[in-house]
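Using numbering that gives the first Met the number 0, the letters of the sequence shown correspond one by one to residues 0 to 205.
Just so it is clear, CB atoms sit at the ideal spot from N, CA and C, and this is done for glycine as well.
This one's a predicted model, so the numbers in the text were calculated from it and none came from an experiment.
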Amino acid sequence: MFGDTHALGRRIPQLFAGLALYGASMALMLRSGLGLDPWDVLHQGLQRTVGLSVGAWVTICGALVLLLWIPLRQRPGLGTVANVLVIGASMDLTLRVVGDVTALPVRIALSVGAIALNGLATGLYIGARLGPGPRDGLMTGLHRRTGRSLRLLRTGIEVTVLTAGLLLGGTAGVGTVAYALAIGPMAQFFLRWCTVPVAAGDSRKE
0 MFGDTHALGR
10 RIPQLFAGLA
20 LYGASMALML
30 RSGLGLDPWD
40 VLHQGLQRTV
50 GLSVGAWVTI
60 CGALVLLLWI
70 PLRQRPGLGT
80 VANVLVIGAS
90 MDLTLRVVGD
100 VTALPVRIAL
110 SVGAIALNGL
120 ATGLYIGARL
130 GPGPRDGLMT
140 GLHRRTGRSL
150 RLLRTGIEVT
160 VLTAGLLLGG
170 TAGVGTVAYA
180 LAIGPMAQFF
190 LRWCTVPVAA
200 GDSRKE
């Protein structure tokens, strides 16, 4: 499960730091009011329609997506379970600390900063190599089972959740577009610096 065990002293703290920052970045995007990433449009739509907090829906949806791993025969790691438990709680905590923002320049800065922070957080938790998040695992599991391209599957999943979120009253906007365009390159950039090196003789992929 852990592979390169000698590096756990770095990998586990890095995992939890990345997940906590990921939840914080999602909260900052919400406070900017300029649009959310597709999954958070769904989470916000569920919050507005059903109740509970946005962070609670992050956790609930993560757990439900994780159930879809069963027929796909995906195996969760520590990072997968931590993803479900930490991100939503971190998002709700940050929302309690950061209040509403009204000035447009501040909202723009908040959105840009949130996207950059999300890229760093993604690099940290993926670079810890302790298991993918539920949503990423769903995509790779479907890829393995269907043979469809990862790009096609990711696009299909995110368009589906975005559409459902909008129908439920979630918020999309320029921040949604900026996130879609920037998060891939930013995550790739930070992964170069955040990926924990694999020890010699340990070739397992996590």
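Euclidean distance between Cα positions of residue i and residue j
i: R191; j: L14; result: 15 Å
i: R150; j: I156; result: 10 Å
i: A179; j: L51; result: 27 Å
i: R10; j: F189; result: 15 Å
i: G172; j: T145; result: 32 Å
i: G76; j: L65; result: 11 Å
i: L20; j: M90; result: 9 Å
i: L84; j: G136; result: 16 Å
i: Q187; j: L71; result: 26 Å
i: L103; j: R74; result: 44 Å
i: T154; j: A177; result: 15 Å
i: S148; j: H142; result: 6 Å
i: V111; j: G122; result: 17 Å
i: G78; j: P12; result: 11 Å
i: T138; j: G98; result: The sequence given here has Met at residue 138, not Thr. Whole-angstrom Cα-Cα distance: 34 Å.
i: C60; j: P133; result: 9 Å
i: N82; j: T101; result: 31 Å
i: G200; j: A113; result: Any reading at G200 must be qualified, since the residue scores a pLDDT of 46, below 50, and its modelled position is unreliable; the value itself is stated next. Between G200 and A113, the C-alpha separation is close to 38 Å.
i: M25; j: A108; result: 14 Å
i: W56; j: V80; result: 15 Å
i: N242; j: T48; result: Here the chain has residues from 0 to 205 only, and residue 242 is not among them.
i: L129; j: M185; result: 20 Å
i: V158; j: L152; result: 10 Å
i: A236; j: P131; result: The question about residue 236 has no answer, for the chain in this structure spans 0 to 205.
Integer-rounded CB distance, given that residue j should sit under 8 Å from residue i
i: D36; j: L29; result: Rounded, the Cβ-Cβ distance is 10 Å, inconsistent with contact.
i: L167; j: G44; result: 3 Å
i: G17; j: Y124; result: 3 Å
i: T93; j: G169; result: 18 Å between Cβ atoms; not a contact.
i: G207; j: G174; result: Residue 207 is absent from the structure shown; the chain starts at 0 and stops at 205.
Counted within 10 angstroms of its Cβ, other Cβ atoms place residue i as buried (16 or more) or exposed
i: V69; result: Here residue 69 turns out to be Ile, not Val, going by the sequence shown. By the neighbour-count rule (16 or more Cβ atoms within 10 Å), I69 is not buried but exposed.
i: P196; result: exposed
i: T207; result: Residue coverage of the chain in this structure runs from 0 to 205, which leaves residue 207 outside it and unanswerable.
i: S202; result: Confidence at S202 is low in this model, with a pLDDT of 38, below 50, so its placement is unreliable and the value that follows should be read with caution. Exposed, since its Cβ has fewer than 16 Cβ neighbours within 10 Å.
i: V160; result: buried
i: L63; result: exposed
i: G183; result: exposed
Which listed residue (the options) has its alpha carbon closest to that of residue i
i: T162; options: V49, H42, A88, L33; result: H42
i: S31; options: L45, A55, V105, G76; result: V105
i: Q46; options: A127, Q187, G164; result: G164
i: C193; options: L109, T48, D99, A127; result: A127
i: R95; options: I182, P184, L27; result: L27
i: L119; options: A181, G140, T48; result: A181
Mind pulling the alpha helix (DSSP H) runs of 4 or more residues that sit fully within the segment 105-187?
133-145, 149-166
Entirely within the segment 37-82 and at least 4 residues each: give me those alpha helix (DSSP H) ranges in chain order.
37-49, 53-66, 68-71
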